[in-house]
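Residue numbers (the UniProt record's numbering), protein chains in the order written: chain Z, 1 to 354; chain E, 1 to 354; chain F, 1 to 354. Built from N, CA and C at the ideal position, the CB exists for glycine as well. The structure presented is a predicted model; accordingly, all values stated were derived computationally and were not measured. Down below is the structure, laid out as structure tokens.
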């Protein structure tokens, strides 16, 4: 049913997106078309990822998903850096962190929770993620904010580069830890047994799934890039500031892919994958996309320090503390989802009024 | 024994309070009379609540208690708002949060811990409360503080109203979660069995208990209101600032009711109720009383934004982090109580010297 | 093998340290000699402590170790206070906290983790320590920072004295709790049984171990004191600021003793002792050494308030949050150690560039 709807949406949306872009249709109209198209494409990405997840196991599937979602953001941000729009890049990084931690996870926990009374996920992963969230956002993002107050521009940039290198190295070490030295070490045995019993049938074969995933990713990237150019006009039409667009709108649309598949997984009670997508994507943004952008910015005329505005930083830090206190027990329910959503609404109002 | 003492104190204190108020006795004398009377009345409230708790179950009992304790504060604060004393209202909200989290819980854990080596309470409730404490105080109180620095007065007020509405809605959702969709879901089965075995006999019948509770609440409200008017003169006599009186004195006296019954419950090793009173009352202050006061203030000439002073905010945030790190395992002992009390003393010294 | 090397290093290092001090050899040369001598002496302290730990039990052993390590720091700091170097004392307190929490624990977890896949320690101790870390650093250190902004110098000093007294009293209460009222209460029974089975043979007798410990401590104190006087010249030679030397260099050398024995214990999979050393030492610095120094400073011409610089405070607070989120489950692995080390590197870069 809904899959057919999305198929139609893609079949109509992609050609309309291309046509509208070439024919310079009005920005607000294109904004709506782009958004709907991305959401439809994202559902294909979600289903393709799910097929792959069944074939390759839930962890690799989740990792794949987060990678594909954030590849789009990385590309958009590089174009923005090239144009010297450092504030917009930092705002959209903030928005991705808030969007994944509060909106994606919140909506997933809420929707999943309306179907299941209690949903559980691997508590070891939750704690592993908590440590990394604290490291990346509470240590690595807060330190340059506080220390740079008494620093000149050059020292601030040196500190940003140093921290970026440390972040990337620790991110690689985390992958090595998860996929090599401690693969399956923290997997509860009863769950492993469970998974063997399931024997789910993937919707698509591995080959088809990869093709669908690749095609949808390219299409999302194309549409996303043009979507960004509608923002300034849409902002004027609706009275939205650049900061609000960067933090809220880019994040919602840019993370639609993760959003869709995290929701699907929550609805299927596969909370391990939902959390892997929401929190894993946040960690990839904070520990990989952000520091890579700092290093890439050195190639351009204006370099980007790892210094957020205070509202951005406090929003991220408090979001991390909320997520950890909610997810630390490896259990979720609809109310915990609603709490995350409520925090997102509060921050949204704040950024809107700023 | 002690119940007789309290009976005498009420029998003497209430008439003296009325007489002293009408005859305008010296403020410092009245201050002492009012305080003792409230403490004695609070013991009746505690016993009435306990009787009701046995009849209605521990959760509803705890909820009842928190409601009655904070009704007093809500009434006092509305009178203060009417008089334009916004600083005093914010200070007494801060004081209630600190008083409940650090003083009430601290003294209860300490006193209970001198009798029992280890006291336990429902760890699911602890985690549920931790999430809400982070949401209400670390997210909903910190965001307007940081964001309002760069906002004009009108935007600050809009943000405060928006956050207040979100807080109240989530508070109602929390009640719905606790009393309807997830009632008893997180209750460990062995404890349920335990409770059935107990078969405690209430001191008073349901009817008598309600009557006692109602009468004591009315008397506490009457005395409390007049107590407030002695503060400025008492402050001058003892050299206390308005902030110190708001944060420390109002909180101790205003929360005497919860204080007394939380202590009684801790001494009886019913830590579920103790925690429900201390933390539940904090949450009611932060998620219901505070936002309702923001909305009510719109009716008066001066509206109150949800923006605390930085010392108030930092005191509340650090108190929340301390409480969570202490209560997160569902166990207490005398030393954990002492730690909370030590934090209260430190903050008390700070507000005294400010 | 390595023990012989350290024996030679001590046999050569101590006479060279004395000779070089008396003959005024170049500072940079003496810096290297002093450092190597201390590290070698520390290995003897570690082995002596280990022998004592076997005889007296792991807890007293760990306590002993932390005491001996911090006695050195206390003596150095008193000399610094006498010379009015308040900034250096606060910086080296910060450095000890960061060094113990991030460097000592990080390296121990990492090295231990390369040998064992998962290492565990008493989860009750971890939670007990977490509460105290939050109390000491997030409450007792943050409150004077925030409150003193609006205070005159005298009120700031009064607040510092009050907090110092509370810290020392709670530290004594913590010892009373651990050694008297709740001794062994939180020890899992299977572990107690384990320990009885082990029957390890100490390297030295109790008498010899105490003699070695005493002699090594005296020698470390002598060398450390002279080491400090080389810092200003070494700083000039290498371009290091006083803050960087205080926070990073003093901490690494001053905590070499704990460092060495924590590592040895981690390698022997005795994580209870490792954590006792790293976190216990941090707590001793924050709850005992720091407040004692504040009180002692009243005897000198310049008194020291308990007010750190903002970078120092934020570094300590974020280090505490990271340590708690990593250690709260009573388990470690190499990646958690690496995360702590990465945080130490980030802060090191920050203090270097400040």
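Proximal residues to residue i (C-beta, below 8 Å), its chain only, five neighbours per side dropped
i	result
residue 129/E	275, 279, 280, 283 and 327
residue 136/F	167, 283, 286 and 287
residue 9/Z	36, 37, 39 and 40
residue 144/Z	156, 159, 160, 163, 305, 306 and 307
residue 341/E	102, 103, 106, 107 and 110
residue 29/Z	20
Assigned exposure category for residue i - 16 Cβ within 10 Å defines buried
i	result
residue 239/F	exposed
residue 302/F	exposed
residue 178/Z	buried
residue 255/E	buried
residue 336/E	buried
residue 149/E	exposed
residue 3/E	exposed
residue 237/E	exposed
residue 180/F	exposed
Residue i at chain F interface by Cβ criterion, 8 Å
i	result
residue 345/E	yes
residue 105/Z	no
residue 294/Z	no
residue 206/E	no
residue 233/E	no
residue 326/E	yes
residue 335/E	yes
residue 192/Z	At residue 192/Z, the pLDDT of 49 sits below 50, so the modelled position is not reliable and the matter cannot be decided from this model.
residue 112/E	no
residue 338/E	yes
Closer than 8 Å to chain Z by CB, residue i
i	result
residue 289/E	no
residue 94/F	no
residue 46/F	no
residue 99/F	no
Cut-off 7 Å between Cβ atoms - residues of its own chain near residue i, not counting five sequence neighbours on either side
i	result
residue 118/E	331 and 333
residue 296/E	78 and 81
residue 121/E	271, 272, 275 and 330
residue 344/E	98, 102, 103 and 106
residue 347/F	98 and 315
residue 263/Z	107, 108 and 111
residue 219/Z	14 and 41
residue 47/F	203
Own chain residues within Cβ distance below 6 Å of residue i, not counting five before or after
i	result
residue 233/E	27
residue 338/F	110
residue 247/E	91, 94, 95 and 351
residue 206/E	55
residue 140/F	163 and 167
residue 133/E	320
residue 31/Z	230 and 234
residue 74/Z	289
Cβ of residue i within 8 Å of any chain E Cβ
i	result
residue 15/Z	no
residue 121/F	no
residue 329/Z	yes
residue 354/Z	yes
residue 245/Z	no
_Inside the region 91–126 of chain E only - alpha helix (DSSP H) runs reaching at least 4 residues_ = 105–115
*Pull out every residue of the region 162–185 of chain E whose Cβ sits closer than 9 Å to any Cβ of chain Z, in chain order.*
162, 163, 166, 167, 169, 170, 173, 174, 176, 177, 178, 181, 182 and 185
*Jot down the residue ranges of each uninterrupted alpha helix (DSSP H) in the region 295–330 of chain Z, minimum 4 residues, whole runs only, in chain order.*
310–327
*Along the region 307–319 of chain Z, what residues have a CB closer than 8 Å to any CB found in chain E?*
310, 311, 314, 315, 318 and 319
*Would you list, in chain order, the members of the region 117–142 of chain Z that have their beta-carbon closer than 9 Å to a beta-carbon of chain F?*
123, 124, 127, 128, 130, 131, 132, 133, 134, 135, 138, 139, 140 and 142
*With 7 Å as the limit, tell me which residues of the region 145–162 of chain Z have their beta carbon closer than that to any beta carbon of chain F; keep them in chain order.*
146, 147, 150, 151, 155, 158, 159 and 162
*In chain order, which alpha helix (DSSP H) runs of at least 4 residues are fully inside the region 243–270 of chain Z?*
250–254 and 256–267
*Counting only runs that start and end within the region 24–63 of chain E, where is the alpha helix (DSSP H) found for 4 or more residues in a row?*
27–56
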